[in-house]
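S.K.: Input: one structure, supplied below.
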Amino acid sequence: MVIVDRARISSVARALRNIPASAIDVIELNDPQYVAVKKLVYVHGDRAVAFAVANALVSYRLSLPGERYWLEFAEWASRIQTPSTGKDLVDAMKLFLAESRGNRMVTVQKARRLERASRILESILQEPGRYRDLSVLVRELADALGARPEEKTIVFAAKMAYYAYRALGIDVVGKDDIPIPLDRRMALLTSASGIIGAPPDKVFTRYRLDAVRAWHEVSRESGIPALHLDAVVWLPAHGIERHLRRGLEYARDEFARKLVGYSKGIVDWSTARQIASQVIYRDPYA
Numbered sequence: 001m002v003i004v005d006r007a008r009i010s011s012v013a014r015a016l017r018n019i020p021a022s023a024i025d026v027i028e029l030n031d032p033q034y035v036a037v038k039k040l041v042y043v044h045g046d047r048a049v050a051f052a053v054a055n056a057l058v059s060y061r062l063s064l065p066g067e068r069y070w071l072e073f074a075e076w077a078s079r080i081q082t083p084s085t086g087k088d089l090v091d092a093m094k095l096f097l098a099e100s101r102g103n104r105m106v107t108v109q110k111a112r113r114l115e116r117a118s119r120i121l122e123s124i125l126q127e128p129g130r131y132r133d134l135s136v137l138v139r140e141l142a143d144a145l146g147a148r149p150e151e152k153t154i155v156f157a158a159k160m161a162y163y164a165y166r167a168l169g170i171d172v173v174g175k176d177d178i179p180i181p182l183d184r185r186m187a188l189l190t191s192a193s194g195i196i197g198a199p200p201d202k203v204f205t206r207y208r209l210d211a212v213r214a215w216h217e218v219s220r221e222s223g224i225p226a227l228h229l230d231a232v233v234w235l236p237a238h239g240i241e242r243h244l245r246r247g248l249e250y251a252r253d254e255f256a257r258k259l260v261g262y263s264k265g266i267v268d269w270s271t272a273r274q275i276a277s278q279v280i281y282r283d284p285y286a
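In full-length UniProt numbering, the protein residues as written are 1 to 286.
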């Protein structure tokens, strides 16, 4: 039986409460994934929302870190003609998958996934404003793909749509109800934080739903919506597996250094180090 540690949830949330809203805002603006989506908006206008959603749906089993992969995607997408139909977008995405350096695995499966989502992608292209209600986007994608609403790529699509709307200067609704996208990095943090007493691979497979619910509790107790919390803890954890091999304190220092950097110093070193000590509470591989 999975062990969800309520005390650890509260400790992590208490540390995260020290991050001011202004820092979260700056962290998101400096997220390479936001930078990539902003480039799409510059080229494709409000149809960039559909690009962001389409790429999010195939953003799994990557051969590059997510930050680098999205920059690769933006570079490619900024050179092509703006699609007018869902089929046009899906066909373009298939060409991208055929040449991408960062998205090489199970590309046939991913192409089929895009085909199943084609109707929703066309709707986004035709009525991008309708999907500023992120709950509508999540519901329709889940229905089209026959998946749970909290499935990683579906909630990640909502996050990247939010980034696109933000770059467009459009406010979204429903973002407080979007759970955190649980990829392998977040599964590792779930284990390292002690929130769930299981190794990262078990969190990622057997205990995914428990992990999503646990981070929802962290979000609720910290007052940081999960959609924003994702950037706050996911970005500074880049390279965490490599850093943990050099020791727990080294991994914490690297997390804190990145958190200070992404926030442009709004989160000071002392606060960042305190957060790091809670998010990376233990070595998940020990």
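Heads up, the beta-carbon is just placed ideally off N, CA and C, and yes, glycines get one too.
For M186 and W269, I'd like the C-alpha separation in whole angstroms.
M.R.: Numbered from 1 along the sequence shown, position 186 holds the residue referred to as residue 186. Numbered from 1 along the sequence shown, position 269 holds the residue referred to as residue 269. Distance between the alpha carbons of M186 and W269 is about 23 Å.
S.K.: Between the Cα of S191 and those of I178, P179, R208, spot the shortest distance and give me the residue it belongs to.
M.R.: Looking up residue 191 in the sequence shown gives position 191. S191 has its Cα closest to that of R208, out of I178, P179, R208.
S.K.: Quick check on the burial criterion: 16 or more other C-beta atoms within 10 angstroms. Buried or exposed for L182?
M.R.: As a first step, residue 182 must be located in the sequence shown, where it is residue number 182. Flag for L182 reads buried.
S.K.: Going by the DSSP bridge assignment, what does V41 pair with across the sheet?
M.R.: In the sequence shown, the residue the question calls residue 41 occupies position 41. DSSP lists no partner for V41.
S.K.: Considering just the uninterrupted stretch of the alpha helix (DSSP H) at V12, what are its terminal residues?
M.R.: Against the sequence shown, residue 12 aligns to sequence position 12. V12 -> alpha helix (DSSP H) spans 6 to 16.
S.K.: Taking DSSP as the reference, what is the three-state secondary structure of D268?
M.R.: Locating residue 268 in the sequence shown gives position 268, counting from the first residue. If DSSP states are grouped into helix, strand and coil, D268 belongs with coil.
S.K.: Any idea if E99 is buried or exposed, counting beta-carbon neighbours within 10 angstroms, 16 or more meaning buried?
M.R.: Taking the sequence shown and counting its residues from 1, the one referred to as residue 99 is at position 99. Label assigned to E99: exposed.
S.K.: With DSSP as the reference, identify every bridge partner of V279, one or two as the case may be.
M.R.: Here residue 279 refers to the residue found at position 279 of the sequence shown. Looking at the DSSP assignment, V279 forms no beta bridge with any residue, so it has no partner.
S.K.: Who does V173 pair with in a DSSP beta bridge?
M.R.: Translated into positions along the sequence shown, residue 173 becomes position 173. Its beta-bridge partners are D133.
S.K.: When DSSP labels each residue in this structure, what does I195 get in the three-state scheme?
M.R.: Stepping through the sequence shown from its first residue, residue 195 is reached at position 195. Note: I195 maps to coil in three-state DSSP.
S.K.: Does the Cβ-Cβ distance between R61 and G194 come in under 7 Å?
M.R.: The sequence position of residue 61 within the sequence shown is 61, counting from 1. The sequence position of residue 194 within the sequence shown is 194, counting from 1. Going by C-beta atoms, R61 is not nearer than 7 Å to G194.
S.K.: At the level of alpha carbons, what is the spacing between N18 and S11?
M.R.: Here residue 18 refers to the residue found at position 18 of the sequence shown. Here residue 11 refers to the residue found at position 11 of the sequence shown. Rounded to whole angstroms, N18 to S11 spans 12 Å at the Cα level.
S.K.: What residue from V233, L29, L227 has the CA that sits closest to D177's CA?
M.R.: To locate residue 177, count along the sequence shown from 1; it is residue 177. Comparing Cα positions, the closest option is L227.
S.K.: Are the CB atoms of A231 and V53 nearer to each other than 7 Å?
M.R.: Start at 1 with the first residue of the sequence shown, and residue 231 comes out as number 231. Start at 1 with the first residue of the sequence shown, and residue 53 comes out as number 53. It is not a contact, given that the beta carbons lie outside the stated cut-off.
S.K.: Check each candidate in Y42, K264, Q274 and name the one with the smallest Cα separation from Y251.
M.R.: What you label residue 251 is simply residue 251 of the sequence shown in a count that begins at 1. Looking at the sequence shown, residue 251 is not Tyr but Ala. A251 has its Cα closest to that of Q274, out of Y42, K264, Q274.
S.K.: Taking one C-beta from the region 148 to 159 and one from the region 75 to 83 each time, how about it: are there three or more such pairs within less than 8 Å?
M.R.: Touching, no, given that fewer than three Cβ pairs across the two stretches are closer than 8 Å.
S.K.: Compute the Euclidean distance between the alpha carbons of E75 and P128, then round it to the nearest angstrom.
M.R.: For the purposes of this step, residue 75 is taken as residue 75 along the sequence shown, with counting starting at 1. For the purposes of this step, residue 128 is taken as residue 128 along the sequence shown, with counting starting at 1. Distance between the alpha carbons of E75 and P128 is about 22 Å.
S.K.: Where does G223 land, buried or exposed, given buried means 16+ other C-beta within 10 angstroms?
M.R.: If you number the sequence shown from 1, residue 223 lands on position 223. Exposed, since its Cβ has fewer than 16 Cβ neighbours within 10 Å.
S.K.: Please go through the same chain and pick out, in chain order, the residues whose beta-carbon is closer than 6 Å to the beta-carbon of L248, but skip the five residues on each side of it.
M.R.: Residue numbering aside, residue 248 sits at position 248 when the sequence shown is read from its first letter. The answer, listed in chain order, is D283.
S.K.: Kindly list the residues whose CB is nearer than 6 Å to the CB of M93, restricted to its own chain and excluding five residues on each side of it in sequence; keep chain order.
M.R.: If you number the sequence shown from 1, residue 93 lands on position 93. For M93, where only same-chain residues beyond five positions count, the Cβ hits under 6 Å are A54, L114.
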